[in-house]
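Colleague: Dropping the structure in here first, questions after.
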Amino acid sequence: MFYIDPVYFWYVFIPVLVISLGVQLYMRSTFNKWSKVKNSSNLNGAQISQELFRHTSLQTIRIEHVSGTLSDHFDPGANVVRLSENTARGTSVASMAVTAHELGHVQQYQTGSAMIKARGFLLPALQFSPTISYIAILFGLWFNLNGLLWLGIIFFAIMVLFSLLTLPVEIDASRRGIRLLNEAGLILSEQDSGGSKAVLRAAAMTYLAAAITSILQLLYYISVAQRRS
188 MFYIDPVYFW
198 YVFIPVLVIS
208 LGVQLYMRST
218 FNKWSKVKNS
228 SNLNGAQISQ
238 ELFRHTSLQT
248 IRIEHVSGTL
258 SDHFDPGANV
268 VRLSENTARG
278 TSVASMAVTA
288 HELGHVQQYQ
298 TGSAMIKARG
308 FLLPALQFSP
318 TISYIAILFG
328 LWFNLNGLLW
338 LGIIFFAIMV
348 LFSLLTLPVE
358 IDASRRGIRL
368 LNEAGLILSE
378 QDSGGSKAVL
388 RAAAMTYLAA
398 AITSILQLLY
408 YISVAQRRS
């Protein structure tokens, strides 16, 4: 028979399940709502990006289209923003907000944001932290090696720290995105403003949920190690 630790079930699994489902429902309903509302400028995401480059202090970079839904992202290594087809071609408030958010990330890098630098400092360690962490925790539990378990917890804590740093980075990118839209004169109504903020607030909730999940898992691993000491 499979055994599930009651502590993990009640204090990690159930809270994470409730939070994740709640956030996903909130995100989908908010995005679906504002995906059906046209922005006042009637510009699609690709056009919005060009307007932001033209009318703000942003340095122009390449904009590419990618497949998928909500697959939009800024790739600092290639210095390119990739917009999903729905965002690039859509003229909705949601498309405008998502585009502005990604260009908010561009501004973070172009202005040397301290938060971006702090998160970037952890990136090299993050390449091997997950593998070392889970292997060390698994073998530490199987073979009752508390030292190995604590080693895994330390590397898992690096992942948690990265998740915690990601949350303010994403919130800051959204704030920058709204400012860029205002600077470019693209926020023309309360609907543009309120809808954009609602979409970006819902997106931020996904990062908050991820941070809470990682913290709960870390606390559980620590409790297990302490019980085995």
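Numbered as in the numbering used here, the sequence shown ends at 416 without a single skipped number.
Glycine included, each C-beta is placed from N, C-alpha and C at the ideal position.
Can you tell which of A398, M392, S416 and N273 has the C-alpha that lies nearest to the C-alpha of Y213?
Modeller: Position 26 of the sequence shown holds residue 213. Cα-wise, what sits closest to Y213 is M392.
Colleague: For L257, does the three-state DSSP call read helix, strand or coil?
Modeller: Within the sequence shown, the letter at position 70 stands for residue 257. In the structure shown, L257 sits in coil (DSSP, three-state: anything other than H, G, I, E or B).
Colleague: Could you give the distance in angstroms between the alpha-carbon of Q378 and the alpha-carbon of S279?
Modeller: Position 191 of the sequence shown, counted from the first residue, corresponds to residue 378. Position 92 of the sequence shown, counted from the first residue, corresponds to residue 279. Their backbone Cα atoms lie some 11 Å apart in a straight line.
Colleague: Are the beta-carbon atoms belonging to V267 and G232 less than 8 Å from one another?
Modeller: Here residue 267 refers to the residue found at position 80 when the sequence shown is read from its first residue. Here residue 232 refers to the residue found at position 45 when the sequence shown is read from its first residue. Not a contact, by the Cβ cut-off of 8 Å.
Colleague: Going by alpha carbons, who is nearest to R306 out of V199, S207, A281 and I345?
Modeller: The count along the sequence shown starts at 1 and reaches residue 306 at position 119. For the set V199, S207, A281 and I345, the Cα lying nearest the Cα of R306 is the one of I345.
Colleague: Restricting to runs no shorter than 4 residues, where is the alpha helix (DSSP H) found entirely within the region 242-289?
Modeller: 272-276
Colleague: What do you reckon, are the CB atoms on A360 and H260 nearer than 8 Å?
Modeller: Position 173 of the sequence shown, counted from the start, is the residue given in the question as residue 360. Position 73 of the sequence shown, counted from the start, is the residue given in the question as residue 260. Cβ distance not < 8 Å, so A360 and H260 don't count as in contact.
Colleague: Quick one: measure Cβ to Cβ for S254 and E272, integer angstroms, because I've assumed they're closer than 8 Å.
Modeller: Numbered from 1 along the sequence shown, position 67 holds the residue referred to as residue 254. Numbered from 1 along the sequence shown, position 85 holds the residue referred to as residue 272. About 7 Å; that satisfies the 8 Å criterion.
Colleague: Let's test the definition: count the other Cβ atoms within 10 Å of the Cβ of Q129 and tell me whether it reaches 16, buried, or not, exposed.
Modeller: Residue 129 falls outside the range modelled here, since the chain spans only 188 to 416, and no answer is possible.
Colleague: L309 and L348 look like a contact to me (Cβ under 8 Å); what is the Cβ gap, rounded to whole Å?
Modeller: Here residue 309 refers to the residue found at position 122 when the sequence shown is read from its first residue. Here residue 348 refers to the residue found at position 161 when the sequence shown is read from its first residue. Contact annotation, L309 with L348: C-beta distance approximately 7 Å; criterion of less than 8 Å satisfied.
Colleague: By the three-class DSSP mapping on this structure, what secondary structure does F189 have?
Modeller: In the sequence shown, the residue the question calls residue 189 occupies position 2. Because the pLDDT at F189 is just 49, under 50, the model does not fix this residue reliably, and the value given afterwards should be weighed accordingly. Three-state DSSP puts F189 in coil, outside helix and strand.
Colleague: Does the separation of the CB atoms of A412 and W329 fall below 8 Å?
Modeller: For this step, residue 412 is matched to residue 225 along the sequence shown. For this step, residue 329 is matched to residue 142 along the sequence shown. In this structure, W329 does not lie closer than 8 Å to A412 by Cβ.
Colleague: Please name the residue, chosen from I409, P355, H242 and A396, that lies closest to L208 on a Cα-to-Cα basis.
Modeller: Position 21 of the sequence shown holds residue 208. That would be A396, whose Cα lies nearest to the Cα of L208.
Colleague: Applying the criterion that 16 or more other CB atoms from any shown protein chain within 10 Å of the CB defines a buried residue, is V293 buried or exposed?
Modeller: For this step, residue 293 is matched to residue 106 along the sequence shown. With at least 16 other beta carbons inside 10 angstroms of its own, V293 counts as buried.
Colleague: Is K225 helix, strand or coil by DSSP?
Modeller: In the sequence shown, residue 225 corresponds to position 38, counting from 1. In the structure shown, K225 sits in a strand (DSSP, three-state: E or B).
Colleague: Output the boundary residues of the alpha helix (DSSP H) element that contains A412.
Modeller: In the sequence shown, the residue the question calls residue 412 occupies position 225. Where A412 is concerned, the enclosing alpha helix (DSSP H) stretches over E377 to R415.
Colleague: If you run the structure through DSSP and keep just helix, strand and coil, what is F330?
Modeller: The residue given as residue 330 occupies position 143 in the sequence shown. F330: coil per DSSP, three-state reduction.
Colleague: Among residues of its own chain, excluding the 5 on either side of N333, which ones have a beta-carbon nearer than 8 Å to its beta-carbon?
Modeller: On the sequence shown, position 146 is the one that residue 333 refers to. Only G327, A412, R415 and S416 meet the Cβ criterion.
Colleague: What does the alpha-carbon distance come out to for the pair R408 and I206?
Modeller: Mapped onto the sequence shown, residue 408 falls at position 221. Mapped onto the sequence shown, residue 206 falls at position 19. Note that residue 408 is Tyr in the sequence shown here, rather than Arg. Going from the Cα of Y408 to the Cα of I206 covers about 20 Å.
Colleague: Tell me which residue opens and which closes the alpha helix (DSSP H) that A312 is part of.
Modeller: Numbered from 1 along the sequence shown, position 125 holds the residue referred to as residue 312. Start and end: A301 to L313.
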